[in-house]
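Residue numbers (this note's numbering), protein chains in the order written: chain A, 29 to 361; chain B, 29 to 361; chain C, 29 to 361; chain D, 29 to 361.
Protein chains: 4
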Amino acid sequence: MLNFGVIGYGYWGPNIVRNLSSVEGARVLTIADLNPAARKRAQALYPSVNVTADTNEVLRSKDIDAVAIISPVWTHYELAKAALENGKHVFVEKPFTSTVEQGQELIELAWKKNLRIMVDHTFLFTGAVKKIRELVDKGDVGKLYYYDSTRVNLGLFQHDINVLWDLAPHDLAIMDYVLGVQPEAVVATGQKHLSEHEDVAYLTLYFPDKLIAHINVNWLSPVKIRMTLIAGEKKMLVWNDLVNDEKLRVYDKGMEVTSQEGIYKQLMVPRSGDMWCPKLESGEALQRELSYFVECIESGKDAFNDGRAGLRVVKMLSAAADSLRKRGAQVYL
Amino acid sequence: MLNFGVIGYGYWGPNIVRNLSSVEGARVLTIADLNPAARKRAQALYPSVNVTADTNEVLRSKDIDAVAIISPVWTHYELAKAALENGKHVFVEKPFTSTVEQGQELIELAWKKNLRIMVDHTFLFTGAVKKIRELVDKGDVGKLYYYDSTRVNLGLFQHDINVLWDLAPHDLAIMDYVLGVQPEAVVATGQKHLSEHEDVAYLTLYFPDKLIAHINVNWLSPVKIRMTLIAGEKKMLVWNDLVNDEKLRVYDKGMEVTSQEGIYKQLMVPRSGDMWCPKLESGEALQRELSYFVECIESGKDAFNDGRAGLRVVKMLSAAADSLRKRGAQVYL
Amino acid sequence: MLNFGVIGYGYWGPNIVRNLSSVEGARVLTIADLNPAARKRAQALYPSVNVTADTNEVLRSKDIDAVAIISPVWTHYELAKAALENGKHVFVEKPFTSTVEQGQELIELAWKKNLRIMVDHTFLFTGAVKKIRELVDKGDVGKLYYYDSTRVNLGLFQHDINVLWDLAPHDLAIMDYVLGVQPEAVVATGQKHLSEHEDVAYLTLYFPDKLIAHINVNWLSPVKIRMTLIAGEKKMLVWNDLVNDEKLRVYDKGMEVTSQEGIYKQLMVPRSGDMWCPKLESGEALQRELSYFVECIESGKDAFNDGRAGLRVVKMLSAAADSLRKRGAQVYL
Amino acid sequence: MLNFGVIGYGYWGPNIVRNLSSVEGARVLTIADLNPAARKRAQALYPSVNVTADTNEVLRSKDIDAVAIISPVWTHYELAKAALENGKHVFVEKPFTSTVEQGQELIELAWKKNLRIMVDHTFLFTGAVKKIRELVDKGDVGKLYYYDSTRVNLGLFQHDINVLWDLAPHDLAIMDYVLGVQPEAVVATGQKHLSEHEDVAYLTLYFPDKLIAHINVNWLSPVKIRMTLIAGEKKMLVWNDLVNDEKLRVYDKGMEVTSQEGIYKQLMVPRSGDMWCPKLESGEALQRELSYFVECIESGKDAFNDGRAGLRVVKMLSAAADSLRKRGAQVYL
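The structure is reproduced here in structure tokens:
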């Protein structure tokens, strides 16, 4: 039985505690939060759990094996470092850290202590993303052309980070997982309207072999959109995460490059076949992710969404933030 | 009665001829096209019109008052120049010209000869764009935050231009018309996959006062999307051009910046009221545009979509093309 | 403080208990269910509540003021009767009873004992239905033409009732509430495919003054549809309960009957104006309904969804079931 | 070369003439219409065709082999009879005739004269209906449960017929074609609001073996819907005719009837697999239908949409009209 401490019981923390409660082999011993209202809610739902304002009751507890850090990003490094130094495995909210250096340091520390880090890239455990990865991996999509994601809605302005650091980690983590290759350079633009943080941002990532990615994130959209287009030589995918059914559509579409006798230039003709919505694995992604974390701790193996995966996302975010400040100047990775 | 000559009877030309045929005060005398199949189709539908392979029968005809140029963009300058030099008014397909210099020269020539130029920015005559402009002009939308357009579909690869020069002129012309301000700088990214021309491209335009615009154009999308989001302080608009009804949705949404007693930082709270789909003017936009062209010629006044409007779009395209080559380097306008 | 007992903790019961827990002035003392698994779930979530297999601990308890009956429809009459005889107010799941006679008897009993009955027509407390009722009441919709509802999906076959008794109570209760008039006759058709109960059924209800209603219910549909069209002389409404936003669309549409000089017959011309999505009250409908029940008990007033409202729905269901058996024979109400 | 005469150049007639003009082996010699405006439009588009007000120039012409009758339904019988008596093949708009007797007489007459009748059930030639028929025929859908169609919109009130005779022929012809079995009885309800003809109507058709069909037609709907659900034991189909792409969705869904050990009653569990949108044949359905008519005339074979198919639809319409008058009384076929 792995004993967990959870730091942060605000918006996302309750989902972590609820799911940990039903993961086999895991148990929540302590929940820490500075906010008295959050502690009250936690204690009401979990009368037998120790609820505290003092993070040291989690970080220094001898009974706790693993710590879930669900707090603002600027606190991740300090908390994770303390947890690792005290011999605890770490599950940490996305984005992993605020800087590349912090991430590297945590990875080294975990390696030395032989502890696991998992970064909460929940989307990687959804049926849709698992199926997309499978289709790309098997070669069904063919040589990849582009990855284009739109993630916009109204509200949930963050006080400490801009829309890039808030929303783009989802897309970057998914992109990293399904494409399996690293970008060479990033170009980012955006604007701040209502606070000192950008509320709209647009990213382009250049990859080898003409692959390109584009991400549109926005806190000021009247409509919520969660749509990703992924096109390859053989198939084209549209993932709409907001519909209940048929989230993933697989199009047998493309352009055929043909040469006709007597015609001096190549003709490009659109090809259009069936469309197919594969049945996706159902169930709660976070449940699967936390079970997998327990499994990784028990087996001593690294997760595919370990610190290194988290660091790759932080590297892209840092480069994008740099490009954003320079209004689109290309930043190499 | 104004006599028209039409040069180019390929994809769009037939629509020009058909609509000119029902514009009061206009008449098509001659259609010129190099392609025998196009000429055959034109002659079959319009037995009484002179159909020819020789553009000079249009450009040098003494009976023709105005020339509609519906040919590839690289031919616009030569044809329009010849038409103006021969004293003819010019209606020219978008984009106006291939270079800024060409556009400037044509505008000067028209000014000297007291002739009209109209650039075919058809969308400006649709019910949706007219209503958007009206809502922005009246101040209903409030201070503008951003303009974000997606224009993607499969196919119709152009041989002579990239996706930027093919699709973005629509968005740039609409943006220019409804925002009524000029951008300061442009950042463009993109990639070519199947030919020597980019088939996906992403544009950001920086305006004064924190206004920003973003345009996503793509020839390699499995689904067709024609969606524009325009957000201001008071209202937010979503224009979906692919639905038959309710193309334009006006949201009474926004973020309220509030300060609460005892709370040290500002709170931003989403505001959400009614949604409203105004009834839009119906009828064919091209018909309205050509009637307006006839009206401009007769009254001697310049159209709002005159050569200068066309030139503003070409300037943005040229700067974007420059930025695209430099992988996102900011280009000032 | 009103003390509640809840009978039935299967699919819907947990929602009743959860909402009662946060209604001011209400408290759940006892939960009864025959199923050990249900009792285990209840006890785990509510350690301080008395959980039992014996309904008499609810029905005969001296501490309990009101009973919520969330059990199969064939048990409603016996349980509600016992509750009323023991001086308890009754909140009962829809449909109210299995027969008209049962409903009448319970209403009389409650009247004699001066107790309240509320039938759980939850939809009447949703923002959409409240707004529809308001628009009809204010006369905005004008003289009503028809009410047409489709409520179809796959699964959730009931063992003891057919699709009519399972799904149509929702539509009949809403219809009864927003139209405010009683039907004269009903025609019902349908078919059973997989069990001894009909899994598809189609109802027509004839009202005075040419008003007509139609309800399509189906357990065998591959897609889920929850759509209601309500048309009147002045406005037409479309309520789609499955979308998150803009559930209710109000169309300024209709037919104009005009007579033109020199034309011997009337012309009917479609009229089409703006479309409008009013902002709807948010929050959980069941919460509002249970608060209203507590308020009705405390003030001694009858709810608009009291036993008589429940009985009107049972009368329509009984007549429809009769017509269904006779393959569409009209049954007068 | 088959010479055609066309009677009726109102709303649908121009489509017949336009398509006949490009059918190989067919030619339009004469167009007849009583309305001078219609004749003017026809003559302008087809200068070489004989355009007349006198139907006898079609019916009695020695040069004409086949007559297309695109006039109001109450004129079909007289015109078709005259055409057949004059030795001409007949293509006639749906519904075939106003009464069953008229239809029978025309079929007999055509048989005696060895002439072809085709009833214009255009939808049978669309890619969607052809694919549905193929899926049902091959057994992919399995034993059929129901056919449920909604065909509603605003406007286009007919002066001479009700909504049943106007819109339901489409559904009945498609249903007849894809199900391939005849109904035993019909139940119809509806209401008239604005004229002497019903503007909303609901049909149920009972077939052998528990198959049931339902059709909802309405001239007073604020939104246009063209949706058909067809469910069978193995697959369930949803056909939405208003979308450009993916009109037909094939769901691998159903209910599994299982018996579990220790459980006394059958459990019904929903089964849900992939969804699939087969690529549909494109091109204009009317073009295919008219080519097929020419082919049937030349080969002397009867079309599948011949007079007998038209008569089956008229029989259902007549029975439905009878049931509608009797407010849902079941009428046997």
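Quick reminder that beta carbons are idealized off the backbone N, C-alpha and C, glycines included.
The DSSP assignment places 101-113 as complete runs of the alpha helix (DSSP H) inside the region 86-136 of chain A, in order along the chain (cut-off: 4 residues). C:LEU30 and A:GLN71 have their C-alpha atoms some 26 Å from each other. Flagged as an interface residue toward chain C: D:TYR174, by a C-beta distance shorter than 8 Å. In the DSSP assignment, C:MET146 falls within the beta strand (DSSP E) that extends over 145-148.
By the Cβ criterion, the region 308-324 of chain B is not in contact with the region 101-116 of chain B, since fewer than three pairs of Cβ atoms, one from each stretch, lie closer than 8 Å.
Listed in chain order, the positions of the region 275-286 of chain D with a beta carbon within less than 7 Å of a beta carbon of chain C are TYR279, LYS281, MET283 and VAL285.
Taking a cut-off of 8 Å on C-beta distances, the region 254-274 of chain B touches the region 248-259 of chain A, as three or more cross pairs fall below it. Put simply, the backbone Cα of B:GLU317 is about 14 Å away from that of B:TRP40.
Between the alpha carbons of B:VAL95 and B:GLN132 lies a distance of about 19 Å. Its chain contains TYR205 and VAL206 as the residues whose beta carbon lies nearer than 7 Å to that of A:ARG161, once the 5 sequence neighbours on both sides are disregarded; these appear in chain order. For B:GLY301, the chain C residues whose C-beta falls within less than 8 Å of its own C-beta are LYS307, listed in chain order. In terms of beta-carbon proximity, B:LEU248 lines the interface with chain A, with at least one pair separated by less than 8 Å. Rounded to whole angstroms, the separation of the alpha carbons of B:VAL271 and D:LYS275 is 15 Å. In the DSSP annotation of this structure, the continuous segment of the beta strand (DSSP E) that includes D:ALA60 starts and ends at 54-60.
Comparing alpha-carbon positions, the option among A:TRP102, A:GLY260 and A:ASP93 lying closest to A:GLY167 turns out to be A:GLY260. Here C:ILE258 is not near C:HIS225, since their CB atoms are 8 Å or more apart. Of B:THR256, B:VAL228 and B:GLY311, the smallest CA-CA separation from B:ALA241 is found for B:THR256. Under the 8 Å criterion on CB atoms, D:TRP267 is classed as non-interfacial with respect to chain A. Per DSSP, reduced to three states, the secondary structure at B:GLY155 is helical.
Counting of Cβ neighbours within 10 angstroms places B:PRO64 among the exposed residues, the total staying below 16.
The CB of D:LYS238 comes closer than 9 Å to the CB of GLN219, LYS220 and HIS221 in chain C, given here in chain order. At a Cβ-Cβ threshold of 8 Å, A:LEU222 and B:MET303 do not count as neighbours.
Here D:LEU195 has ARG179 and VAL245 as same chain residues with Cβ atoms under 6 Å from its own Cβ, once five neighbours each way along the sequence are excluded. In terms of beta-carbon proximity, A:ALA259 lines the interface with chain B, with at least one pair separated by less than 8 Å. Leaving aside the five residues that flank B:GLU212 on each side, the residues in its chain whose CB is nearer than 7 Å to its CB run, in chain order, TYR234, PHE235, PRO236, TYR360 and LEU361. DSSP places A:SER177 in the strand class (E or B) of the three-state scheme. Fewer than three Cβ pairs drawn from the region 50-70 of chain C and the region 344-358 of chain B lie within less than 8 Å of each other, which leaves the two stretches out of contact. Residue state for D:PRO64 is assigned as helix, using DSSP reduced to three classes.
DSSP, reduced to helix, strand and coil, places C:PHE321 within a helical segment of the structure shown. A direct Cα-to-Cα measurement between B:ALA156 and D:LEU48 gives close to 37 Å. Within the DSSP bridge table, the entry for D:GLY218 names D:ALA229 as partners. Spanning the alpha carbons of B:LEU143 and B:ALA54 requires a straight line of approximately 17 Å. According to DSSP, C:ILE202 shares a beta bridge with no other residue.
Beyond the five residues adjoining it in sequence on each side, B:PRO100 comes within less than 6 Å, by CB distance, of ASP188 in the same chain, given in chain order.
For D:VAL51, same chain residues with a beta-carbon under 8 Å away, outside a window of 5 residues either side, are GLN315, LEU318, SER319 and VAL322 in chain order. The closest CA to that of A:LEU152, considering only A:PHE185, A:ILE202 and A:GLU326, is found on A:ILE202.
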